[in-house]
Amino acid sequence: MRLALFILAVVVLLWLVRGAVRRRAAAPRSKPADTSTAAAPQPMLTCAHCGLHLPRDEALPGRGGVFCGDAHRKAFEQTDDVR
Ligand SMILES: [Zn+2]
70 MRLALFILAV VVLLWLVRGA VRRRAAAPRS KPADTSTAAA PQPMLTCAHC
120 GLHLPRDEAL PGRGGVFCGD AHRKAFEQTD DVR
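Now the structure itself:
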């Protein structure tokens with residue numbers, strides 16, 4: 070009878086440990102995926118030269134606004150100097 074209780078206790082313990090390990094293994098995988106797919110929405114900015122809409126992280130700040138790239142920033146600043 071003692072042996073049966075011991076085996077039952079071991080089985081229950083293994084079952085609990087397995088559940089905890091599964092929960093721990095599943096949690097880190099789902100959390101980064103959630104943050105990357107459901108990232109905070111970024112404000113969209115407009116290139117002052119061509120009017121392209123782009124996320125704030127990709128916009129290049131310059132004189133007279135933000136730009137989609139270095140070429141457009143240079144082009145805008147050159148045309149701005151002429152005026
Ligand atoms: Zn542009």
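Everything in the sequence shown is counted per our numbering, starting at 70 for the first residue and increasing by one.
Cβ coordinates follow ideal geometry from the N, Cα and C atoms, glycine included.
Item to check | Pick from Leu-74, Val-86, Ala-73 and Ala-117 that is closest to Thr-64, judged by C-alpha positions | outcome: Given a span of 70 to 152 for the chain in the structure shown, any question on residue 64 remains unanswerable.
Checklist entry - What span of residues does the beta strand (DSSP E) with His-122 cover, start to end? => result The count along the sequence shown starts at 1 and reaches residue 122 at position 53. 122-124 is the extent of the beta strand (DSSP E) around His-122.
Checklist entry - Which of the three DSSP states, helix, strand or coil, is assigned to Gly-138? => result Against the sequence shown, residue 138 aligns to sequence position 69. If DSSP states are grouped into helix, strand and coil, Gly-138 belongs with coil.
Checklist entry - Is it right to say Ala-108 is buried, meaning 16 or more other beta carbons lie within 10 angstroms of its own, or is it exposed? => result Walking along the sequence shown from the start, residue 108 turns up at place 39. Label assigned to Ala-108: exposed.
Next on the checklist: Taking 8 Å as the cut-off, is the C-beta of Leu-85 nearer than that to any heavy atom in ligand 1?
Outcome noted: On the sequence shown, residue 85 is found 16 positions in, with the first residue counted as 1. No, since every heavy atom of ligand 1 falls outside the 8 Å radius drawn around the Cβ of Leu-85.
Checklist entry - Is Gln-15 near Pro-130, with beta carbons less than 9 Å apart? => result The chain is shown from 70 up to 152; residue 15 falls before or after that span and cannot be answered.
Item to check | Alpha carbon of Leu-114 to alpha carbon of Ala-94, nearest angstrom | outcome: Translated into the one-based positions of the sequence shown, residue 114 becomes position 45. Translated into the one-based positions of the sequence shown, residue 94 becomes position 25. When rounded, the distance between both Cα atoms is 39 Å.
Checklist entry - Is the closest heavy atom of ligand 1 to the C-beta of Gly-120 under 8 Å? => result Residue numbering aside, residue 120 sits at position 51 when the sequence shown is read from its first letter. True, at least one ligand heavy atom lies under 8 Å from that Cβ.
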